[in-house]
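First comes the structure, then the notes that go with it.
And the structure:
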């Protein structure tokens, strides 16, 4: 299993609504993420709209591809697209900027 | 157990050296983090020097305070300080900007 971190940029004026929507992610969207191998997945928001995603997966590219084949993902991403800047023609799930892991400690 | 995400800013011209240093974190530093309750702790670096930390802990403030009381942390943070910008008079371990968790999926 690998760990991944990505960034997106939420429009600052839409942050409150973005957070509100994520308190009520559709159960079928959560189920699809689970079914396609997204594990320990969290989203964090900085006060300027920087959105950080952290997720664990056996293979994120495969999990993204499997998710992209679901009908619920297309509906969800279409509703989320307006919250972001800098995506150009991509969906939020296609505009991930992956960061490089430079340190890991398992702990206990 | 809670999940935490924080940001720091590494000087872009020092990123390679910062990453190199983190491939060889002192064993006693790793042990101190483990002993003070830092779990599943990762650092990720974006190509402009944005550093993202993800860590799980029962109470990060308590884990930070416990770490701050160790001698090895003082030595490590003194060596790391020069890699960062925007810390003013604080050490890297005191300048954490915590983000807000807006979504979590446990997965399976």
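Protein chains in written order, with the numbering used here: chain A, 42 to 149; chain B, 42 to 149. All C-beta atoms in this analysis are idealised placements derived from N, C-alpha and C, irrespective of residue type, glycine included.
(message) Taking the straight line between their C-alpha atoms, what separation do you get for residue 143 (chain B) and residue 57 (chain B)?
(response) 32 Å
(message) Spatial neighbours of residue 134 (chain A) within its chain, please: C-beta separation below 8 Å, excluding the five flanking residues on both sides.
(response) 105, 108, 109, 114, 118
(message) Tell me the DSSP secondary structure of residue 64 (chain A) in three-state form.
(response) coil
(request) Using alpha carbons as the reference points, say which of A:46, A:69, A:116, A:67 lies closest to residue 91 (chain A). (result) Closest by alpha carbon: A:46.
(message) Judging by CA-CA distance, which residue of A:80, A:146, A:125, A:131 is the nearest neighbour of residue 59 (chain A)?
(response) A:125
(message) Taking the beta carbon of residue 127 (chain B) as the centre, do at least 16 other beta carbons fall within 10 Å, making it buried, or is it exposed?
(response) exposed
(message) Judging by CA-CA distance, which residue of B:83, B:103, B:129, B:73 is the nearest neighbour of residue 112 (chain B)?
(response) B:73
(message) Using the three-state DSSP reduction, which class does residue 55 (chain B) fall into: helix, strand or coil?
(response) Residue state, collapsed to three classes: helix.
(request) Please report how far the alpha carbon of residue 79 (chain B) lies from the alpha carbon of residue 70 (chain B), in whole angstroms. (result) 11 Å
(message) Distance cutoff 9 Å, beta carbons only. Does residue 52 (chain A) sit that close to anything in chain E?
(response) No chain E appears in the structure shown, which is made up of the protein chains A and B.
(request) Check the Cβ-Cβ distances between residue 130 (chain B) and every residue of chain A, and say whether any is below 9 Å. (result) no
(message) Going by DSSP in three states, residue 74 (chain B) sits in which element: helix, strand or coil?
(response) DSSP, read as helix, strand or coil, puts residue 74 (chain B) in helix.
(request) State the beta-bridge partners of residue 96 (chain A) as determined by DSSP. (result) Under DSSP, residue 96 (chain A) takes part in a beta bridge, and its partners are A:45.
(request) Quick one: using the 10 Å Cβ neighbour count with 16 as the cut-off for buried, is residue 64 (chain A) buried or exposed? (result) exposed
(request) Kindly identify the DSSP beta-bridge partner or partners of residue 126 (chain B). (result) B:50
(request) Determine the burial state of residue 87 (chain B): buried for a count of at least 16 other Cβ atoms within 10 Å of its Cβ, exposed for fewer. (result) Buried is the label assigned to residue 87 (chain B), since at least 16 other Cβ atoms lie within 10 Å of its Cβ.
(request) Check whether the Cβ of residue 85 (chain B) lies closer than 9 Å to any Cβ atom in chain A. (result) With its beta carbon less than 9 Å from one in chain A, residue 85 (chain B) belongs to the interface.
(request) For chain B, find out if any of its Cβ atoms is closer than 9 Å to the Cβ of residue 120 (chain A); answer yes or no. (result) no
(message) In whole angstroms, give me the CA-to-CA distance for residue 149 (chain A) and residue 75 (chain B).
(response) When only Cα atoms are considered, residue 149 (chain A) and residue 75 (chain B) end up about 7 Å apart.
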